[in-house]
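Engineer: 1 is the number of the first residue of the sequence shown in UniProt numbering; add one for each residue after it. Backbone N, C-alpha and C define an ideal beta-carbon position, used for all residues, glycine too.
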Amino acid sequence: MPDLLFTNGTIWTGTETTASLAVSGGRIVPRPSAGATVVDLEGGFLMPSFGDGHAHPLFGGLEAQGPQIKGLTTVAEIVAEVGRYAAENPSLEWIVGGSYDPSLAPLGEFDARWLDEAVPDRPVVLRAYDYHTVWCNTPALERAGIGPSTPDPRLGWILRRPDGSPLGTLREWHACDLVLDLVPAKSLDELVEGLAEASRTMAAAGITWVQDAWVEPPMVAAYLEAARRGALRFRANLAFRADPDTWRAQRAPFSALRTQVAEARTALVTAATVKFFADGVIEGGTAAMLEPYVDVPHSCGMPVWEPDALSEAVTAFDADGFQVHIHAIGDGGVRAALDAVERAVRENPAWDRRPVIAHTQLVDPADLPRFAELGVIANFEPLWAQLDPLQTELTVPRLGPSRADLQYPMETLRALGAPLSFGSDWPVSSHEPLLGIQVATTRQTLDGSGDAWTPGERLSVADALTAYTSGVAYQAFAESDRGALDTGKAADLVWLSADPRAEDPRKLRHITVLGTWLAGERTF
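#1: Short of 6 Å in beta carbon distance, which residues of its chain neighbour residue 270, apart from the five on each side in sequence? Order them along the chain.
#2: How far does the beta strand (DSSP E) with residue 166 in it extend, from its first residue to its last?
#3: Starting from residue 475, trace the alpha helix (DSSP H) in both directions and tell me its first and last residue.
#4: Kindly identify the DSSP beta-bridge partner or partners of residue 11.
#5: Out of curiosity, what's the CA-to-CA distance linking residue 398 and residue 175?
#6: If we count the other Cβ atoms within 10 Å of its Cβ and call it buried at 16 or more, is residue 489 buried or exposed?
#7: How would you call residue 528, buried or exposed, if buried means at least 16 neighbouring beta carbons within 10 angstroms?
#8: With 16 as the cutoff for other CB atoms within 10 Å, does residue 458 come out buried or exposed?
#9: Of the residues 137, 15, 196 and 403, which one's Cα is nearest the Cα of residue 235?
#10: Can you tell me whether DSSP reads residue 507 as helix, strand or coil?
#11: DSSP three-state call for residue 255: helix, strand or coil?
#12: Mark residue 370 as exposed unless 16 or more other C-beta atoms lie within 10 angstroms of its C-beta, in which case mark it buried.
#13: On the three-pair Cβ rule with 8 Å, is the region 16 to 33 touching the region 162 to 178?
#14: Using three-state DSSP, classify residue 375 as helix, strand or coil.
#15: Quick one: residues in its chain with C-beta nearer than 7 Å to the C-beta of residue 244, no 5 flanking neighbours on either side, listed in chain order?
#16: Within this structure, are the beta carbons of residue 385 and residue 443 separated by less than 7 Å?
#17: In terms of residue numbering, what span does the alpha helix (DSSP H) encompassing residue 399 cover?
#18: Let's test the definition: count the other Cβ atoms within 10 Å of the Cβ of residue 199 and tell me whether it reaches 16, buried, or not, exposed.
#19: One question on the structure: do residue 179 and residue 144 come within less than 7 Å of each other, judged by their Cβ atoms?
#20: If you follow the alpha helix (DSSP H) that residue 114 is in, where does it begin and where does it stop?
#21: So residue 222 and residue 182 are in contact, right, with Cβ under 8 Å, and what is the actual spacing, rounded?
#22: Taking the alpha carbon of residue 331 as the reference point, which residue from 97, 42, 173 and 404 has its own alpha carbon closest?
#23: Residues in its own chain within less than 8 Å of residue 85 by CB, not counting five upstream and five downstream?
#24: Have a look at residue 501 and residue 462 and give me their C-alpha separation to the nearest angstrom.
#25: Below 8 Å on the Cβ atoms is my guess for residue 542 versus residue 469; work out the distance and round it to an integer in Å.
#26: From 441, 101, 510 and 296, pick the residue whose C-alpha is nearest to that of residue 75; which is it?
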């Protein structure tokens, strides 16, 4: 890779600005070499590259291999796209796609018969963009043996019509898996191409490190092969998903996979984390709540783990030296996650554990100080902190106004001393950090209309940038090597068309990424 000298722009190290930046051997050096290639920033802005503290890059990359339903705005458009794709791929046994907007049907309830109109003779399964719900056609339900007498599984709901027949919408793990377990597995080449597609997507957004927050064991080989082939163009840490029914049997295999990744000696892949789903999602009524949902007063949601079981498993994997990364959406899920970390801290020897609670959507005020007290990293997906249709049509009606206004307490947790990191949950929502930064700093929808929602939770632009850079580097145990443009650190860089700190926060989405470098090598 060439030696580089960046000049003629604003260069932000993460703490201060400088006039130029020199790179040699993929690292930042005090002064340029005699033959360094000059990169003219043309008045733009150079800063540490973004990290993504919670995403699903392989799932996102694989969405390119199915019908392109993401972003479609009506059920009719989705059905038409599924029909088009099925007609162009007549040899496919299953039509699999993601990810549709669950707010396009009342209460997020989608009918199998709508998909039957496009594909009546082959199974179709589509993921909602929250990845906690699937929409199937009738052949898919029949393949899975789901009928009027099929009981709801322990962790999941089969939505039904008034006559008891399955509607076509399945929610949460065991219900979704009734169908998803029948879908033919992707080949290694398809998985590698999925990671190559994800690499192109991440590089174009200025991202060079990603926490893959849901890894099943077969995905490890795809990551290592993608790195070997040069198809992987971002750093990734893999988080193995702990299953509440089989976690004890998973401990030894997860440790063996961690060793396998370490022995592969690729600079791009680590496997240091175990992922837990404490609960589901509010829009589906499955997030674990301390008090019942407004629209379903007999329900406090669907915990994926019983609190004591979660604490036991978190403590065990913490003892195995894994960082724990806990999806927690509802205030009940967040409390269970904090209780689990507290038990691990109490029972295990002290070590630099850096536990993560991801999403941190609804937190009971009594639990807010516990993040800093326990050293828990609050990972937010900042793009979600806006009153978009998902909030107005599904979430707020289920929470009621008083609880709705407690969502995404970013500034409160920052002020209390909790470490923050940002992520996207891509492909659940857009991977572009600048969109998330705009919402984090305005608490408005991206078009800038309306008043700020819960304006006391707005972050400054500088704090939002920090959460997407050094905050993520801290989550990755990499603050000594990345997250700031200091001498000796890796040259992981992003070149923007303008300085976000100097722009109207309502217009940050208009800033463009002009270049991305991973360890001094240009990836975009």
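Structural biologist: According to the data block:
#1: 237
#2: 166 to 171
#3: 470 to 475
#4: 18 and 46
#5: 22 Å
#6: buried
#7: Lying outside 1 to 524, the shown extent of the chain, residue 528 is not represented and no answer is given.
#8: Sixteen is the threshold: when 16 or more other Cβ atoms of the shown chains lie within 10 Å of the Cβ of residue 458, as they do, the residue is buried.
#9: 196
#10: helix
#11: helix
#12: buried
#13: no
#14: Of the three classes helix, strand and coil, the one that applies to residue 375 here is coil, per DSSP.
#15: 304, 305 and 309
#16: Yes, these two residues count as a Cβ contact at 7 Å.
#17: 396 to 399
#18: buried
#19: Taking C-beta atoms as the reference points, residue 179 and residue 144 count as a pair closer than 7 Å.
#20: 112 to 116
#21: About 21 Å separates the two Cβ atoms, so there is no contact after all.
#22: 404
#23: Excluding positions up to five away in sequence, the list reads 66, 67, 68, 95 and 97.
#24: 7 Å
#25: Residue 542 lies beyond the stretch modelled for the chain, which goes from 1 to 524, so this question has no answer here.
#26: 101
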